[in-house]
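Read through the structure below, which is laid out as structure tokens, and then see the notes.
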Amino acid sequence: MSHSLRRWLSSWPAFIMLLVAIFIWRRPDQFLHPYVWVEEGTVTLPAYLAEGWKSLFAPVAGYLVVPAKLIFLIAASLSFAHLPSIEYWLTLIFEVGTLALVAFSPTRLRFPKLAALAIAFLPTDSEVFAVSEYVFWWGTIWAFVAIFWDEGDKPRTLWRCVLVAVGGLSSPMAMPIAAILGFRAAALRKRADLVVFAVAVCVAAAQWVTMRATGALKPPAGMAVEVSAVVTRFFGHFFLASASVPVPVALIVGSAIVLGGVVFVVVRKKWQDPYFLMLSACLAAAILASATRVPVEIIHPFNAGPRYFFFPYIFLAWLLLYAIPEIGRVPRSLVYVIFAGAFAQFVFHSQRNHERVSWRAELNKCVAVGPAVYPLPIHYDGAQSRMWHVDLTGNQCSDLKSRSIF
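Under numbering that gives the first Met the number 0, the residues of the sequence shown are numbered 0 to 405, in order.
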């Protein structure tokens, strides 16, 4: 291989092209036949019909998801008839751009390009990939980039505030993000960190007020978290989540990963490393957020609620990458084995498909009924037989189309 070819393969254009290819592979049907999914059709669309662009800050599932709303509003304003296609490309640009932020920003993450690829190769079902409704998961990552910003680099305070604002207005993770940025400000004692922390507090307050008003702060009644289930799901299944593998085996694997992490902390005195502590806090917050949202026993990275593994697996991967330069040959080999298992799961289980439905055809059917009501189908899990529906009159569908530029 020539030197010039090697240089190009390691350049940012080649990296971006690789990410785009991975995203298309993970959800080929969303690339070929994009459609509107879940709450975007049943919550965001009716809110847009009633309030237009004022619905940008209307909550979904009880909290603010501004990046997802923004993509919907831009796409709907351009062409409601081509809504899914425009959303798909805007979403792809946003999500690939998010990984580019991870890869090329001056952070203290180790092997930043691999940290970005770890997200692209995440060993979960591709539920949150290339679907505009789930873009808020990706927007939250912007704030994590601000958390791990290299204090030795230029402060770039304004840009970091933008990262925190986008991340905080994406999901309830705004609250633990603010706490972690507060720790960073106290540990590093930089003026720029105090400013970024202040912005994070304001954004977290906005999420908290919204969630309190909608009742989203209340955890499900009677929920108890089993430690064994947490270790199995959030550690063991990162390496081995096949249905054919007995749960005790996954528990043993997860326990070994946790034990190895504890040994690493003790031997290397990692409590003295603020970036390691912040990374560990991100993992703990992500697991806690998932475990208090749904019973851990019923979720699975490929079969049930894969979105709840998105953040925990990102931070687990980043922690493993963080440890590599500081461990010996044998434990490093074990880390490589863990990543190999995760990659194998990505290859064999992460691709997601759905049954084709024509958005334009359904929209035309809706318009044709005039003042009558038409149940506009919205994808839920990819099967036509289990699609959700939003009831719209034909006149409302005509109104939505008429608002578009094209």
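Even glycine gets a Cβ: it sits at the ideal position worked out from N, Cα and C.
Quick caveat: nothing in here was measured; it's all calculated off a predicted structure.
| query | result |
| --- | --- |
| Hey, is the region 129 to 144 in contact with the region 81 to 101, meaning 3+ C-beta pairs nearer than 8 Å? | yes |
| So, with DSSP's three-state summary, where would you put residue 83? | helix |
| Can you tell me the Cα-Cα spacing of residue 357 and residue 28, whole angstroms? | 12 Å |
| With DSSP collapsed to three states, give me the class of residue 404. | coil |
| Along the chain, where does the beta strand (DSSP E) that runs through residue 272 open and close? | Element bounds for residue 272: n/a, residue is neither H nor E. |
| When we look at the beta-carbon of residue 132 and count the other beta-carbons within 10 Å, is it buried (16 or more) or exposed? | buried |
| Looking at the structure shown, is residue 123 part of a helix, part of a strand, or coil, going by DSSP? | coil |
| By Cβ distance below 7 Å, which residues in the same chain neighbour residue 243 in space, the five residues on each side in sequence not counted? | none |
| Decide if residue 247 is buried, meaning its Cβ has at least 16 other Cβ atoms within 10 Å, or exposed. | exposed |
| Output the residue ranges of the beta strand (DSSP E) runs that lie fully inside the region 316 to 385 and measure 3 residues or longer, sorted by chain position. | 372 to 377 |
| Can you tell me whether residue 133 is helix, strand or coil according to DSSP? | helix |
| Under the three-state reduction of DSSP, which class applies to residue 223: helix, strand or coil? | coil |
| The alpha helix (DSSP H) spanning residue 11 covers which residue range? | 11 to 25 |
| Please confirm whether residue 210 and residue 373 have their CB atoms less than 7 Å apart. | no |
| Taking the alpha carbon of residue 407 as the point to measure from, which residue in 179, 336, 393 and 261 has its own alpha carbon closest? | No answer is possible for residue 407: the residues shown for the chain start at 0 and end at 405. |
| Let's test the definition: count the other Cβ atoms within 10 Å of the Cβ of residue 225 and tell me whether it reaches 16, buried, or not, exposed. | exposed |
| Tell me whether residue 329 is buried or exposed, calling it buried when 16 or more other Cβ atoms sit within 10 Å of its Cβ. | exposed |
| Sorted by chain position, which residues of the same chain lie with C-beta nearer than 8 Å to residue 403's C-beta, five sequence neighbours on each side aside? | 75, 76, 77, 78, 79 and 80 |
| Evaluate the contact criterion for the region 186 to 205 versus the region 156 to 176: three or more CB pairs, one atom per stretch, below 8 Å. | yes |
| My output table needs one value for residue 239: the three-state DSSP class, helix, strand or coil. | coil |
| Are residue 41 and residue 377 close, meaning C-beta to C-beta below 7 Å? | yes |
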